[in-house]
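Student: Residues 2 to 800, numbered by my numbering, are exactly what the first sequence covers, in order.
All residues carry an ideal CB built from backbone N, CA and C; glycine is no exception.
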Amino acid sequence: METPILLGLNSAQRDAVTSAATVLQVLAPPGSGKTKTLTARVAYLIAHHRLKPWNIIVCTFTRKAAREMADRVRGLVGDEVAKQLKLGTFHSIASRYLRQYGQHIGLAKDFGIADAADSRAIVKRIVKQNRFSMDPSNAHNRISAQKTKGINSTEFSRQAGRKVDLQEFLQIYREYEAILAASNLLDYDDLLLKCRDLLSKHPECVSNVEAVLIDEFQDTNNIQYELMGLFAHQRNTITIVGDPDQSIYGFRMAEIKNLVRMKQQWENTIVINLSENYRSSGAILKAAQNIIEQDPNRPAKKLQATHSLGLRPVLRKLPSANAEARWIVSEIQRLQALTGELLQLNDVAILLRSAYLSRSIETALGKTGLPYRMVGGTRFYDRVEIKLALDYLRVVDQPDNSEAVARIVNVPSRRVGEATVEGLLFEARVKARSLWSIILETVHGRYSPTTKLNEPARKGLAMFVNVIIGVRKKLKEAESRPVFSLADILMFVLKKIEFQSYLKKKFPDEYEARWTSVEELLMQASEASNPDRIQAMLEESNLPVIEGCEQRVPSTDDVLSLFLENVALTASAEHIAEESGEVKQQITISTIHAAKGLEWPIVFIPACYDGSIPHSRAEDRDEERRLLYVGMTRAQALLYLSIPLKNSQREDATLSTFLIQPGVATFFEEHGPSITFPVVQSLATTLRRIAPLADAIREHKKGLERDEDNYWPLNGEEPLEELARWDQDHSNNFVLAPVPSKPVASFAYAQITTLQQGFASTGPAPISAGFTSVRAHYDGLMAQARLQRVDRRTEECTK
DNA sequence: GCACGAGCCATTTTT
DNA sequence: TGGCTCGTGC
Ligand SMILES: Nc1ncnc2c1ncn2[C@@H]1O[C@H](COP(=O)(O)OP(=O)(O)OP(=O)(O)O)[C@@H](O)[C@H]1O
């Protein structure tokens, strides 16, 4: 039967969507429509099998993937139905179950969530207090790894026995668990673990579930795998999609083996493969294939391009990270203009191995005024001013969260220093009380701490108590009123602690920016407390009623808690900004990890050098290769890889191992393509868009400085202009030589580009004869400049 | 004991 | 960039 759900699917995809199999694996390469298939199957289960949306669980790994999935499902089944689905990251779904049924496994009802920063801070404090030598982030990673294996500190201690080298870690692990428990916090791993415990002891909580669907299954870890089975225990209806080649979360204990394990556990598992790629041009796919096939252990797979060859990807050398950034900017501008704005800023993504690499790029974009959004990296909620504001809210919500109390009790300064806080914290731990209760009793004179308190500190504590109690009172009042405004509460906090003057003092130069982000938070808070939104939030977190299974239904008293949970588990600031405002054209900067499952017409992957990708600290080189593969396969029409010959610390950088393998070079051009009219038309076809008129292009071209990628020498050296400028900038009044207005270099490059104008020609880029002479000229000038500098220095010394 | 400024450092990836 | 230590002055 023909239904709209199946429109635009190929036959293999249809088979997968309509498969009668109860346990189904769809394994397929990037861009083959896995996500599309999964969303269609959700719609199909609802429309044809009459499953109730609230009995369907759809899990993803990243928040972004969850959002993408939600958007796509909404497109198929509509708003109403979509929001009834239980869709989200594993962690957010686990958290919903724990909120409503946690009491069955003795979980306090209002647990808070310790995010990565909290966990790190806790471990750091433990290490410091005990004067341990272990690196805190390493310790935290190990704790997380143990948890994922289902080994708690007691179990670890049993296994470790008396091995000396493990004692320190064991101690950290123990204290970490104790601190979380004392503050009524669950960390990310706990959410999964506790949910597993809950569902294995009380499977009735999920007895309503009719189908479970998992995206990016190759990234499941053991606990998530078990959760999947537990969710599905009633009907055993499971659909997963995944691609072993895109497994990039090994560091988070993802287990590719889960694919096999699943087939063993459910012997009726049906596997469907998709092999046609609908995303990328043929040339991009070939290059990506070549990279992934470098892994000798990888079984051969079919991957067919549905698009034509298109433009060959680019592998560009630049002198430095800053030059690389400027080059990216100029290529974006060039493409925009020469395609007559067929390509917009939204079409461009810059994907990075590590978030910190964005700095030079952000600077360059900032200088040009090109708007961009940064995903991943220092997220909105990680900014100091935002974290501080949120910590106040967390303490107001949950004063027994000693970690948060410890962080804010002296910010802004109340003359309660580190020593005092440490002392009180220690007392609290010994007495098995929360830091808040110790402080409160002390201030009320009902308790005299052994920690010495001078008068200013005593006063400071009293002020702090006053703030928190004041806000809590206000919160209570507000909750009982019909209109509840979270923004008011937050504003009240900020006023009480004189946050503005604090920011002014702490960040005299960037006060404006900091306050703007606080305003953004206020806006989010105000939106979150809009009645419709509250309703939606409650509905979303609410699980279906199950007979004989007592549940705690969230109410308006929980708005603050839900808001905070949302921040920890699902919110992403840029999304909220998008929803509230106009959709503006902007470039996306993202980590490769966060880009998984997404696609853009143009993708840049800068910093392709050894040490960055593969990362110097990576344990699994194959995973690094897959990472590059994932990055490359995000591109639809044009892919740029690049490398600065000096990295951001100005050390020499060499091309990534993955890119120097024999034959790789043949898949790449050495510079950006010439954008001729046929190229524009071909781009339009790949992107399924309408090509602009030649006139439009001519018009845009006018504002452009150069229409070829020929400013930076292909060998990655500084161009002549830069050299001259460098000398002007750095040696007073010393000028190298008159700078030719149209440098010789660019003339020679222009020749090269004309030679290669037919795109996707095969074979490596030919080196033009003219190039050597330009090189020689350039080298001569360099040498000359160097000599003159040396002369001058000698002169200065002899003076 | 506390606040604050200068200088030094490295910097993976996510829930 | 920001996160840390160290030194200084209160
Ligand atoms: N049958 C089809 N016809 C046309 N376009 C399709 C078809 N199937 C998928 N596409 C398109 O191909 C692109 C990639 O699809 P999708 O994101 O679902 O792939 P994927 O397999 O999930 O990729 P990845 O593994 O990289 O996440 C999307 O733009 C989608 O609309």
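1. Cβ-heavy atom distance between GLN14 and ligand 1 below 7 Å?
2. Using a Cβ distance threshold of 8 Å, determine whether the stretch 314 to 323 contacts the stretch 558 to 569, with at least three qualifying pairs required.
3. Just the C-alpha distance for GLU620 and GLN501, rounded to the nearest angstrom, thanks.
4. Who are the near neighbours of MET538 in its chain, counting only those whose CB is closer than 6 Å to its CB and skipping five residues on each side?
5. With a Cβ-Cβ cutoff of 8 Å, do GLY113 and ASN543 count as a contact?
6. Is the Cβ-Cβ distance between ILE590 and PRO372 less than 8 Å?
7. Excluding five sequence neighbours on each side, which residues of the same chain lie with their C-beta closer than 7 Å to the C-beta of ASP16?
8. Locate the alpha helix (DSSP H) running through ASN223, then write down its first and last residues.
9. Going by other Cβ atoms of all chains shown within 10 Å of its Cβ, with 16 needed for buried, is VAL165 buried or exposed?
10. Mind checking whether the beta-carbon of SER309 lies closer than 7 Å to any heavy atom of ligand 3?
11. Can you tell me whether DSSP reads THR240 as helix, strand or coil?
12. Whole angstroms is fine: what's the gap from LEU228's alpha carbon to LYS87's?
13. Is the stretch 7 to 15 touching the stretch 284 to 296 in the sense that three or more CB pairs, one from each, lie closer than 8 Å?
14. Please state whether DSSP places PRO297 in a helix, a strand or coil.
15. For LYS148, does the count of other Cβ atoms within 10 angstroms reach 16, so buried, or fall short, so exposed?
16. For SER613, which residues of its own chain have a beta-carbon under 6 Å away from its beta-carbon, when the five flanking residues on both sides are left out?
17. Roughly how many angstroms separate the alpha carbons of SER276 and GLN305, rounded to a whole number?
18. What are the boundary residues of the alpha helix (DSSP H) that includes GLY76?
19. Can you tell which of ALA67, LYS506, ARG459 and LEU199 has the C-alpha that lies nearest to the C-alpha of GLY446?
20. So, helix, strand or coil for LYS303, using DSSP?
21. From the DSSP secondary-structure annotation, give me the bridge partner or partners of HIS616.
22. Evaluate contact between the stretch 23 to 38 and the stretch 185 to 192, counting only Cβ atoms and requiring at least three cross-stretch pairs below 8 Å.
23. For LYS87, which of helix, strand or coil comes out of DSSP?
24. Taking only the alpha-carbon atoms, compute the straight-line gap between GLU625 and PRO615 and give it to the nearest angstrom.
25. Do LYS597 and ILE249 have their beta-carbon atoms positioned less than 8 Å apart in this structure?
26. Taking 7 Å as the line, does the beta carbon of SER33 fall inside it for any heavy atom of ligand 1?
27. Return the chain-ordered list of same chain residues with a C-beta closer than 6 Å to the C-beta of HIS105, the five sequence neighbours on each side being excluded.
28. Could you pull out every residue in the same chain whose Cβ sits closer than 6 Å to the Cβ of ALA761, ignoring the five residues on either side in sequence?
29. Taking only heavy atoms of ligand 1 into account, decide whether any of them is closer than 7 Å to the Cβ of LYS863.
30. On the DSSP bridge list, what partners appear for GLY283?
31. Residues in the same chain with beta-carbon distance under 6 Å from GLU178, minus the five sequence neighbours each way, listed in chain order, please.
32. Out of curiosity, what's the CA-to-CA distance linking TYR503 and PRO413?
33. If you follow the beta strand (DSSP E) that MET375 is in, where does it begin and where does it stop?
34. Check the DSSP bridge columns for ASN11 and list the partner residues they point to.
35. Is ARG280 near ligand 1, in the sense that its beta carbon is under 7 Å from a heavy atom of that ligand?
36. Let me make sure I understand the geometry here. Which of TRP437, TYR630 and VAL315 has the alpha-carbon closest to that of PHE668?
Tutor: Per the coordinate set shown:
1. For the purposes of this step, residue 14 is taken as residue 13 along the first sequence, with counting starting at 1. Yes, Cβ of GLN14 sits closer than 7 Å to a heavy atom of ligand 1.
2. no
3. As a working note, residue 620 is residue 619 in the first sequence. As a working note, residue 501 is residue 500 in the first sequence. In a straight line, the C-alpha of GLU620 is about 45 Å away from that of GLN501.
4. Counted from its first residue, the first sequence places residue 538 at position 537. Correct list, in chain order: LEU563.
5. If you number the first sequence from 1, residue 113 lands on position 112. If you number the first sequence from 1, residue 543 lands on position 542. No. Outside cutoff.
6. Mapped onto the first sequence, residue 590 falls at position 589. Mapped onto the first sequence, residue 372 falls at position 371. No, the Cβ-Cβ distance between ILE590 and PRO372 is not below 8 Å.
7. One-based indexing of the first sequence puts residue 16 at position 15. Counting only Cβ-Cβ distances below 7 Å, and skipping sequence neighbours, we find ILE273.
8. For the purposes of this step, residue 223 is identified with residue 222 of the first sequence, where counting begins at 1. Element bounds for ASN223: 223 to 232.
9. Taking the first sequence and counting its residues from 1, the one referred to as residue 165 is at position 164. Exposed.
10. The model on display carries ligand 1 but not ligand 3.
11. Residue 240 sits at position 239 when you count from the first residue of the first sequence. Reduced to three states, the DSSP call for THR240 is strand.
12. In the first sequence, the residue the question calls residue 228 occupies position 227. In the first sequence, the residue the question calls residue 87 occupies position 86. Those two C-alpha atoms are separated by around 14 Å.
13. no
14. As a working mapping, residue 297 is identified with position 296 in the first sequence. It is coil, neither helix nor strand.
15. Position 147 of the first sequence, counted from the first residue, corresponds to residue 148. Buried: at least 16 other Cβ atoms inside 10 Å.
16. Working through the first sequence from its first residue, we reach residue 613 at position 612. Here the set comprises ARG354.
17. Taking the first sequence and counting its residues from 1, the one referred to as residue 276 is at position 275. Taking the first sequence and counting its residues from 1, the one referred to as residue 305 is at position 304. The straight-line gap from Cα to Cα measures roughly 6 Å.
18. As a working mapping, residue 76 is identified with position 75 in the first sequence. Its alpha helix (DSSP H) spans residues 64 to 78.
19. Mapped onto the first sequence, residue 446 falls at position 445. Of the candidates ALA67, LYS506, ARG459 and LEU199, the one whose C-alpha sits nearest the C-alpha of GLY446 is ARG459.
20. Position 302 of the first sequence, counted from the start, is the residue given in the question as residue 303. LYS303: coil per DSSP, three-state reduction.
21. The sequence position of residue 616 within the first sequence is 615, counting from 1. Paired residue(s): GLY612.
22. Segments in contact, no.
23. Within the first sequence, numbered from 1, the residue matching residue 87 stands at position 86. Three-state result, LYS87: strand.
24. Here residue 625 is taken as the residue at index 624 of the first sequence, counted from 1. Here residue 615 is taken as the residue at index 614 of the first sequence, counted from 1. Take the alpha-carbon of GLU625 and the one of PRO615: they are about 5 Å apart.
25. The residue you call residue 249 lines up with position 248 of the first sequence. The residue you call residue 597 lines up with position 596 of the first sequence. Yes. Within cutoff.
26. By 1-based counting over the first sequence, the position of residue 33 is 32. Flag set: Cβ of SER33 near ligand 1.
27. By 1-based counting over the first sequence, the position of residue 105 is 104. Here HIS105 has HIS203 as same chain residues with Cβ atoms under 6 Å from its own Cβ, once five neighbours each way along the sequence are excluded.
28. If you number the first sequence from 1, residue 761 lands on position 760. Caution applies to ALA761, whose pLDDT of 31 falls short of 50 and renders its modelled position unreliable; the value that the coordinates give is listed next. Here the set comprises ALA284, LEU310 and ARG313.
29. Only positions 2 to 800 of the chain appear in the structure, and residue 863 is not among them; the question remains open.
30. Translated into the one-based positions of the first sequence, residue 283 becomes position 282. Answer is none; GLY283 lacks a bridge partner.
31. As a working note, residue 178 is residue 177 in the first sequence. Here the set comprises SER154.
32. Residue mapping note: residue 503 aligns to position 502 of the first sequence, counting from 1. Residue mapping note: residue 413 aligns to position 412 of the first sequence, counting from 1. Computed Cα separation, rounded: 6 Å.
33. Along the first sequence, read from residue 1 onward, the residue named residue 375 stands at position 374. Element bounds for MET375: 373 to 375.
34. Translated into the one-based positions of the first sequence, residue 11 becomes position 10. ASN11 is not bridged to any residue.
35. What you label residue 280 is simply residue 279 of the first sequence in a count that begins at 1. Result yes, Cβ under 7 Å from ligand 1.
36. Here the question's residue 668 lines up with position 667 in the first sequence. Closest by alpha carbon: VAL315.
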